[in-house]
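Have a look at the structure below, then the notes.
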Amino acid sequence: MTFRSTKVVDWFLLLSCNLMWASQFVMVKLVQREMGPLFAVTFPIALSTLLLIILVGRKPGARITKQDLWTFVLLGLAGQLVAQLFITWGVRLAPASDAALLALIMPISTAVMAHFLLGERMTPIRWVSFGLAILGVLVCSGVDWTGLNFGRGYLAGNILIFFSVLGSAFYNAYSKKALERHSPLKVLLYSYYVLLLVLLPVTVAIEPAGFTNLMHYSTTVWVGLAILALFQYFLSMVIFLNVLTRLDATQAALSNYLIPFFGVIIAAAVLHERLTAFMIAGGMLALVSTLLITVWDDAPRQGLAEHENPSPVV
């Protein structure tokens, strides 16, 4: 497979990730009808961890050093814990429209973190891609602008959503360090270990009813939990981390602008909301921008070439 065709495959993989992530707000709202935010995060992530344990098994890999452990702790706490718990909690306290708008800062946040944590650079083609993506999102996002409310009544929820976005951005950028030595499956598994080590005892202490009511949840809620566990916290993350081994964090993060577009499609399919010409046009702009930065941005290849053929020492 050629370099260009590999990047086309990566583009399609990123599309699938964002399609799965687009359903998060709906699923989180759905399951919290019968449980608290702590259990709504802890239980599906615990199921995803079991799946990862089965897949990772006893596969050989690089020895885990003290530096690796520190990296996993940061990914688990500053990344996964902040991202997953705060978005679940925040959506409970603030309108989904606010969450959709605040989520638009994640690609930019990831680019900034990737610059300072990883030394990634912003090329002209990346700036063009960001511009196209933002324009596309503003056209098609489906955000209910009249329903936005950043008043005092929703301040706590909006702050939680904001920090959740920063947590996701940190995880997207900082996980590149761990992926240099370990497989995507192992990186995700160990970050979940850290997350559950903190979150599980807190959930048992604060929301014990979540466990005692397991046999009484409705079928709809169980479907929501299964989708969160299998697609949101497992499959999408495994795919994304695999792609991240080949792309810069900035490139991969730009695809997050597709989440609002896919959210509109999901709303049209599930809630029978109408797709407008503006929504379709905006979605096409977002698709083009991700295609541009994923397939035609040669910065990672050039960096790889420089690494494989270093300049002679003078």
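When the sequence shown is numbered by our numbering, its final residue is 1292 and no position is left out of the sequence of numbers. Ideal Cβ positions, reconstructed from N, Cα and C, are used throughout, including at glycine.
Is DSSP giving residue i helix, strand or coil here?
{"i": "Ser1087", "result": "helix"}
{"i": "Gly1068", "result": "helix"}
{"i": "Met998", "result": "helix"}
{"i": "His1093", "result": "helix"}
{"i": "Leu992", "result": "helix"}
{"i": "Tyr1211", "result": "helix"}
{"i": "Tyr1152", "result": "helix"}
{"i": "Leu1144", "result": "helix"}
{"i": "Gly1135", "result": "helix"}
{"i": "Ala1040", "result": "coil"}
{"i": "Asn1191", "result": "coil"}
{"i": "Gln1010", "result": "coil"}
{"i": "Leu1177", "result": "helix"}
{"i": "Asp1046", "result": "helix"}
{"i": "Ser1161", "result": "coil"}
Would you kindly work out how many angstroms separate the C-alpha atoms of residue i and residue j, rounded to a whole number?
{"i": "Lys1044", "j": "Val1172", "result": "14 Å"}
{"i": "Phe1209", "j": "His1093", "result": "29 Å"}
{"i": "Thr1228", "j": "Ala1147", "result": "10 Å"}
{"i": "Tyr1168", "j": "Thr1198", "result": "30 Å"}
{"i": "Asn1220", "j": "Leu1178", "result": "27 Å"}
{"i": "Ile1086", "j": "Val1069", "result": "21 Å"}
{"i": "Ala1231", "j": "Ala1187", "result": "37 Å"}
{"i": "Asn996", "j": "Val1165", "result": "20 Å"}
{"i": "Phe1064", "j": "Ala1056", "result": "11 Å"}
{"i": "Val1009", "j": "Asp988", "result": "31 Å"}
{"i": "Phe990", "j": "Thr984", "result": "10 Å"}
{"i": "Tyr1152", "j": "Pro1162", "result": "13 Å"}
{"i": "Val1088", "j": "Arg1099", "result": "Here residue 1088 turns out to be Thr, not Val, going by the sequence shown. Roughly 12 Å between the two C-alpha positions."}
{"i": "Ile1042", "j": "Tyr1170", "result": "16 Å"}
What is the C-beta distance between residue i and residue j, in whole angstroms, given that I count them as a contact (C-beta under 8 Å)?
{"i": "Ile1217", "j": "Ser1001", "result": "Between Ser1001 and Ile1217 the Cβ distance is about 15 Å, and since that is not below 8 Å, they are no contact."}
{"i": "Ala1024", "j": "Gly1145", "result": "Contact doesn't hold; Cβ gap of about 19 Å is too wide."}
{"i": "Phe1050", "j": "Ala1134", "result": "The Cβ separation is near 30 Å, so there is no contact."}
{"i": "Thr1181", "j": "Thr1020", "result": "4 Å"}
Quick one: is residue i buried, meaning 16 or more other Cβ sit within 10 Å of its Cβ, or exposed?
{"i": "Leu1175", "result": "exposed"}
{"i": "Glu1158", "result": "exposed"}
{"i": "Ser1196", "result": "exposed"}
{"i": "Trp1048", "result": "exposed"}
{"i": "Trp1067", "result": "buried"}
{"i": "Leu1309", "result": "Only positions 979 to 1292 of the chain appear in the structure, and residue 1309 is not among them; the question remains open."}
{"i": "Gly1304", "result": "The question about residue 1304 has no answer, for the chain in this structure spans 979 to 1292."}
{"i": "Ala1040", "result": "exposed"}
{"i": "Ile1184", "result": "exposed"}
{"i": "Lys1154", "result": "buried"}
{"i": "Pro1038", "result": "exposed"}
{"i": "Arg1011", "result": "exposed"}
{"i": "Leu1222", "result": "buried"}
Are residue i and residue j close, meaning C-beta to C-beta below 7 Å?
{"i": "Met1005", "j": "Ile1237", "result": "no"}
{"i": "Leu992", "j": "Ser1142", "result": "no"}
{"i": "Ser1026", "j": "Phe1140", "result": "no"}
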